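A.B. asks:
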Amino acid sequence: MAQLIFFCGTMDSGKSTLALQTAHNHQSRGRKGLIFSSKDRAGSGKISSRIGLRTDAIEVDESLNFHEYVLEQLAQSQKVEFIIADEAQFYTSAQIEQLATIVDSLDIDVFTFGILTDFRTELFPGSARLVELADEINPLQVGALCWCGSRATHQARIINGVMVTEGEQILLSTADDVVAYEVLCRRHHMRQVTSRKSRDYYATNVPLFGE
0 MAQLIFFCGT
10 MDSGKSTLAL
20 QTAHNHQSRG
30 RKGLIFSSKD
40 RAGSGKISSR
50 IGLRTDAIEV
60 DESLNFHEYV
70 LEQLAQSQKV
80 EFIIADEAQF
90 YTSAQIEQLA
100 TIVDSLDIDV
110 FTFGILTDFR
120 TELFPGSARL
130 VELADEINPL
140 QVGALCWCGS
150 RATHQARIIN
160 GVMVTEGEQI
170 LLSTADDVVA
180 YEVLCRRHHM
190 RQVTSRKSRD
200 YYATNVPLFG
210 E
């Protein structure tokens, strides 16, 4: 029986690398599938990893209906034996339900990859629905590291060099603001101590936690 599988982790934990490897493993055995992504760092219609691997993908926006798209491919005699869905945290809850329907009604394996929580430590809607519906949830074993060397568990949003904990869930750099993200352990995320703030402390001896 086909399954809906969710691989989850923080940034830098190798999610996209695993998505690309999973696609390669199936394709190398002659299997035909569809590869989806959303808002990848390499641009629209791409899956890219931080170690330099990349491939073309179908860009997912809120208007895409996964189930209808796959049915159209099958109606055109296109074989679909697996689906790779990267950056699944950006999908809507309805789109996750569509992926589950593909598994159940069309018997096609769906492999999803994404981040669990946002910079506010709140679950992304797509990830939350995957936790509720997935047949299998696999936390990535390659742990990203906080600047302190501890396992990173949270994403921090940094705007113009300052960590923020409020704002829109999805935000990219604009003409006025430079938006960056950094992975931190829970301790330093809660205390809002980024790598830059740590370096400033050692350079100026300004207390990190307001002692």
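Residues in the sequence shown are numbered from 0 upward in steps of one, following numbering that gives the first Met the number 0. All residues carry an ideal CB built from backbone N, CA and C; glycine is no exception. As the structure is a prediction and not an experimental result, all values here were calculated from the model.
Indicate whether the contact test is met: 3 or more Cβ pairs, each with one atom in the segment 57-70 and one in the segment 136-146, closer than 8 Å.
C.D. replies: Touching, no, given that fewer than three Cβ pairs across the two stretches are closer than 8 Å.
A.B. asks: For the beta strand (DSSP E) that Ser-64 lies in, which residues bound it at each end?
C.D. replies: The residue given as residue 64 occupies position 65 in the sequence shown. Sequence check: residue 64 is Asn here, not Ser. Premise fails: Asn-64 is in no beta strand (DSSP E) and is neither H nor E.
A.B. asks: Which stretch, first to last residue, makes up the beta strand (DSSP E) that contains Lys-45?
C.D. replies: Residue 45 sits at position 46 when you count from the first residue of the sequence shown. Per DSSP, Lys-45 belongs to the beta strand (DSSP E) from 45-47.
A.B. asks: Measuring alpha carbon to alpha carbon, tell me which residue in Arg-156, Arg-190, Thr-173, Gln-26 is nearest Val-182.
C.D. replies: The residue given as residue 182 occupies position 183 in the sequence shown. Measuring from the Cα of Val-182, the nearest candidate turns out to be Arg-156.
A.B. asks: DSSP on Met-162, reduced to helix/strand/coil?
C.D. replies: The sequence position of residue 162 within the sequence shown is 163, counting from 1. Three-state DSSP puts Met-162 in a strand.
A.B. asks: Tell me which same chain residues have a C-beta within less than 8 Å of the C-beta of Arg-30, skipping the five on either side of it?
C.D. replies: For this step, residue 30 is matched to residue 31 along the sequence shown. Glu-80, Phe-81, listed in sequence order.
A.B. asks: Inspect the beta-carbon positions of Phe-110 and Ala-84 and report whether they are closer than 8 Å.
C.D. replies: Walking along the sequence shown from the start, residue 110 turns up at place 111. Walking along the sequence shown from the start, residue 84 turns up at place 85. The answer is yes: Cβ separation under 8 Å.
A.B. asks: Could you check which residue in Ser-76, Gly-32, Leu-17 has the C-alpha nearest to that of Leu-52?
C.D. replies: Counting from one through the sequence shown, the residue named residue 52 turns up at place 53. Nearest C-alpha to Leu-52: Leu-17.
A.B. asks: Relative to the C-alpha of Lys-38, which residue among Gly-13, Asn-24, Tyr-90 is closest?
C.D. replies: Along the sequence shown, read from residue 1 onward, the residue named residue 38 stands at position 39. Comparing Cα-Cα distances from Lys-38 to each of Gly-13, Asn-24, Tyr-90, the minimum goes to Tyr-90.
A.B. asks: Counting C-beta neighbours from all protein chains within 10 Å, is the total for Glu-165 16 or more, i.e. buried, or is it exposed?
C.D. replies: As a first step, residue 165 is located in the sequence shown; it is residue number 166 there, counting from the start. Exposed, since its Cβ has fewer than 16 Cβ neighbours within 10 Å.
A.B. asks: Using a 10 Å radius around the Cβ and a threshold of 16 neighbouring Cβ atoms, would you call Lys-78 buried or exposed?
C.D. replies: Working through the sequence shown from its first residue, we reach residue 78 at position 79. Exposed, because fewer than 16 other Cβ atoms sit within 10 Å of the Cβ of Lys-78.
A.B. asks: Shortest alpha-carbon distance to Leu-73 belongs to which of Gly-44, Thr-152, Leu-105, Ala-1?
C.D. replies: For the purposes of this step, residue 73 is taken as residue 74 along the sequence shown, with counting starting at 1. Residue Leu-105 is the option with its Cα nearest to Leu-73.
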